[in-house]
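As given, the protein sequences belong to chains C and D, one line each in that order.
Be aware that the first sequence starts at 1, since it is given in this note's numbering, and climbs by one per residue.
Be aware that the second sequence starts at 1, since it is given in this note's numbering, and climbs by one per residue.
From the three backbone atoms N, C-alpha and C, an ideal C-beta is built for every residue, glycine too.
These notes concern the structure reproduced below.
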Amino acid sequence: MSCSCHDQDPLIPQIAVIKEVRVDTHDVTTFKIVDSFGKKPFEFLPGQCAMISIPPIGEAIFSITSSPTQEEYIECSIKKCGTVTDYLHELEPGSEVGVRGPYGNNFPVEDLKNKDLLFIGGGIGLAPLRSVINYVMDNREDFGVVDIVYGARTPGDLVHSNDIFDVWPKEKETAVHLTVDNVSKNWNGHVGFVPNFVKTLNFDNNKIALVCGPPIMIKYTLQALEEMGFKKEQVYTTLELKMKCGIGKCGRCNIGDKYVCKDGPVFRCDEITELPNEY
Amino acid sequence: MKKILKTKLPELWQKISTDFDLFLPIEKNKTLNFSLWKDGEKVNLDKVRTTTSSKHLVFPQTETYLKFKNQNNKLSLKAVKAIGDEYVIFGVRPCDVKSFKLLDNIFLREPVDTYYREHRDRGTIISLACTNPEDTCFCSSFGIDASSAPLGADVAAWDVGDSYIWKPQSEKGQKLMDSTKELFTDIDEKDIQNLEKEKSNIQEKLEDLPFNNIDLSKIKGTQQEIFDKEEIWNEFSERCLACGTCSYLCPTCHCYDLQDYKGNNHGEKFRCWDSCMSSDFTLMAHGNPRTTQMQRLRQRFMHKLVYYPKNHKGDYSCVGCGRCVDRCPVHIDIVKIIKKLGGENNEL
C-alpha cells in the first residue's frame, strides 16, 4: 500500500476532476475521474480503493471499478446511499472533488494466472470485480476459462450492462450467467438468488472463486461454494466496514486484529474464518 | 548524571522556556494536567497522575490538516502543516513514556502519519519516577518499572528529597542538560545512595499496591474464545454509560474521526479523538456491525488485550496508568476485566 502524494500526509487529498458521468441504474452512477492535469490520478491494483471527498460534505471510500490497465483515468461505480454519495450523484462533468489513494490490498492477480476463474457478484458488488475482470480480459492469454455469475434485484439494477451483455460474453472462453431476484416483464433470463443460482450451474470445483456483494449474499454464496466442494483457500471475497483514514490508524474498520482498509478489503476465505463474526 | 536543587526549579523553568515551550503538570481548577508553563503557574510534581495523559502533545484532541474552498464545485485545497514550537515536557511518568512507544507503533508505521511524527520529533521528554504511586496504579503488570529510567525518555529524573537527579538518555536529552548545566551540580557517592534508596522505596510501595498481582498471562484461549465469553462482556456492559471517558483519558487510545468544518464557501478538514464506545463509531449507510453496548465494550477491551498484542509482538495497548479505573463513573475497570478473563471469580 502506498500513497501517491509522496511528501504529504496520506490523509491529504489531491484535486481531481469528474471527467464523465454515466448513469447505470436509478441509484448507481459510474464516475470517470482524472487528476487536475487530465491524467490518471494514481496507479493501483485490482481490488484497491479510492477515498473521494467533497468538502465540506464529507469523504468516503469506494472500490475502483476500472482496470489498472486503463491508463487514462480511474472509474468508481457509486450507489446512492448516504450523505456523500447523495451529493456525488448531483455532480456534473467538470466538477472537482478530492481524491486520495490507492488504499487497501488487491485481488492476487499474479497468483490467479493460468487458473480457471469464477467471478460471483451481487448488485453493486460487481464494481471491484469489474476491475479484475477487465484486467483479466486485457491479459486474456494469462488466464484459463472465465465464468461470471452476476445477480441483482431486478433487471434494471444490473450495473455495467454494456460489459455484461455486449463485451464479456464475446471474449474467448468467457461466459456470463445472469440472474435477478424478482420477475420482470422484460426478462427472459434466470430468476432467483445468486447462491442458489451458482449451485445450479454445476461448476467444477477446481476454479478460483472471487465473490463480492452484500454481506448476506456473500455469506450464502460462500456456503454454496463449500457445498460444491470449493475449499476456503480457493475463494476470495471482500469485506466492508466504515473506513475513514484508509491507512489502518483511525481504528474504525477493524475486525479482530485486521484492519479492512489496510489488511483488506480482499480476504482469502480461510483468513476470514479466523476473524470474530463482526462484519 | 547531575542533580538540581528543588529551590533552583523556577530558574530552570525560566531557562528552558526561553528556548522551548515547556509543559509541566500544572494545577488549575482542582485538576492536574500537562499545560504550557508560564511564570506563576502552580506546578505539582508530587502527585503521580495527571487527569489526562500527555498524549495530546503528540496527538492533539483536534487538529486541522486541510483548508479548502469549494465554490460551484471548483475546489482549492491547502494542506496545513502540524503547528507548534519545539517543546520540553517534564514529569512524564514511566507508564506515559511507554504509551508514546505504543502510539508510535500505530502512527509511525507505513504510511507514516506526518503530523504525529512532527509533534513527536519536536519534543524532549523528561520522565519522572513515581515516588508516590497511587492505589489504582498497575503499570508493573505491563512490565513497566515506575522506579526506573524508562526507554524512550530523553532524560530520566528522580526525586531524591531536596533535589532531582537527571540522567540523559539521548542526544536531545544531553543537549538540553548542556544548555542548562549552570543550574546542575555533579553527584557524589551520597547522591548515588539516595537514588538507590529512592528506587527501592518505590519498589516497596509498588509491591504493596492493591493491583500489584494482576497477571495477564492468565488470559488464555484463542482470539475467538476470548471474544465468545459473552457472559463476561454482558456482565460489564450492562452498566456501561458509553460516556467514552475511558477512551479520552487513556494514553494509548488512538482512534480518531475525520470531519469537515464549513464556513462560507470555505472550511477546514480536521481530525479529532473518537471512541469505539459511541454508537455512531462504526455506523455505516447500510447499518452498524456493532449494534449493542456489549459489542462496543468488548471491542475496546479485545483491542487492548488481544488484537493489539497480536499485531505488536505481545505489547498490550494498556500501560496500567489507572486513569480509567479512577474515572469510570460506573466502575467498569480494566483490572476487573483482566481478572475475570483470567478466570478469577471476582466481584464486579
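Chain C contact for residue i (CB, 7 Å cutoff)
i	result
T375/D	As displayed, chain D neither begins before 1 nor continues past 348, which places residue 375/D out of reach and without an answer.
L258/D	yes
Q61/D	no
L305/D	no
G342/D	no
Y65/D	yes
Q223/D	yes
C240/D	no
T245/D	no
P289/D	yes
I232/D	no
G91/D	no
M284/D	yes
N70/D	yes
L183/D	no
Among the options, nearest to residue i - alpha-carbon criterion
i	options	result
V330/D	N346/D, R239/D, G244/D	R239/D
N188/C	N196/C, T179/C, V194/C	T179/C
I218/C	T237/C, E92/C, L201/C, K242/C	T237/C
D280/D	E92/C, V84/C, L112/C, R252/C	R252/C
S179/D	K6/D, V325/D, K8/D, K15/D	K15/D
S77/C	S66/C, C269/C, I272/C	S66/C
D111/C	G98/C, K262/C, V194/C, E233/C	E233/C
Q370/D	I165/D, F270/D, P309/D, T222/D	The structure shown does not extend to residue 370/D, since chain D is modelled only from 1 to 348, so the question has no answer here.
C250/D	T52/D, I126/D, D121/D	T52/D
C255/D	K229/D, S237/D, N264/D, T282/D	T282/D
L108/D	K185/C, N162/C, E141/C, D9/C	D9/C
Q259/D	V319/D, K269/D, T252/D, N265/D	K269/D
I164/C	H89/C, I148/C, D263/C	I148/C
P13/C	K115/C, G38/C, E171/C, R100/C	R100/C
D315/D	P150/D, S99/D, F20/D, D135/D	S99/D
T69/C	T85/C, L88/C, K40/C, I61/C	K40/C
E207/D	Y65/D, A79/D, E134/D, C328/D	E134/D
L239/C	Y73/C, L210/C, M228/C	L210/C
K30/D	V43/D, D257/D, K336/D	V43/D
Y135/C	K113/C, T25/C, G213/C	K113/C
Cβ-based burial, residue i [other Cβ within 10 Å; buried from 16]
i	result
P175/C	Sequence check: residue 175/C is Ala here, not Pro. Counting Cβ neighbours within 10 Å, A175/C comes out exposed, since fewer than 16 surround it.
R22/C	exposed
D215/D	exposed
Q349/D	With chain D covering 1 to 348 only, the question about residue 349/D has no answer from this structure.
I83/D	exposed
D154/D	buried
R120/D	buried
H160/C	buried
Contacting residues, own chain, Cβ-Cβ under 6 Å from residue i (five flanking each side not counted)
i	result
I187/D	M1, K3
S275/D	G244, S247
I219/D	L341, G342
I272/C	none
D270/C	K232, E233
D159/D	T131
S76/D	K69
Cβ of residue i within 7 Å of any chain D Cβ
i	result
L45/C	no
E271/C	no
S36/C	no
D181/C	no
K262/C	no
I61/C	no
C3/C	Its pLDDT being 44, under 50, C3/C is placed unreliably by the model, and the measurement read from it follows with that caveat. True, the Cβ-Cβ gap to chain D drops below 7 Å.
Y279/C	yes
S77/C	no
E90/C	no
K113/C	no
Q48/C	no
S184/C	no
P93/C	no
Chain-order list of residues whose beta-carbon lies under 8 Å from that of residue i (same chain, five-residue window excluded)
i	result
P195/C	M217, Y220, T221, Q223, A224
N182/C	R153, T154, V191
H177/C	D147, I148, V149, Y150, H190, F197, L201
Cβ-based neighbour list, residue i, same chain, cut-off 7 Å, excluding 5 preceding and 5 following
i	result
Y259/C	G248, C253
S141/D	I214, L216, G320
D326/D	T136
Residue i Cβ short of 6 Å to the ligand PLP heavy atom set
i	result
R117/D	Judged by which ligands are present, the structure shown has none, so any question about the ligand PLP falls away.
- Entirely enclosed alpha helix (DSSP H) segments - the stretch 259–345 of chain D, minimum 4 residues: 293–302, 308–311, 323–327, 334–341
- Item | 4-residue-minimum alpha helix (DSSP H) runs that sit fully inside the stretch 193–272 of chain C, ordered along the chain | 194–200, 215–227, 269–272
- Taking the runs of the beta strand (DSSP E) that are 3 residues or longer, which of them lie wholly in the stretch 134–160 of chain D? 155–159
- Task: Only counting runs of 4 or more residues, tell me where the alpha helix (DSSP H) segments fall wholly within the stretch 59–136 of chain D, in order along the chain.
- Result: 94–107, 114–121
- Please go through the stretch 26–114 of chain C and give each complete alpha helix (DSSP H) segment of 4 or more residues, from N-terminal end onward. 83–88
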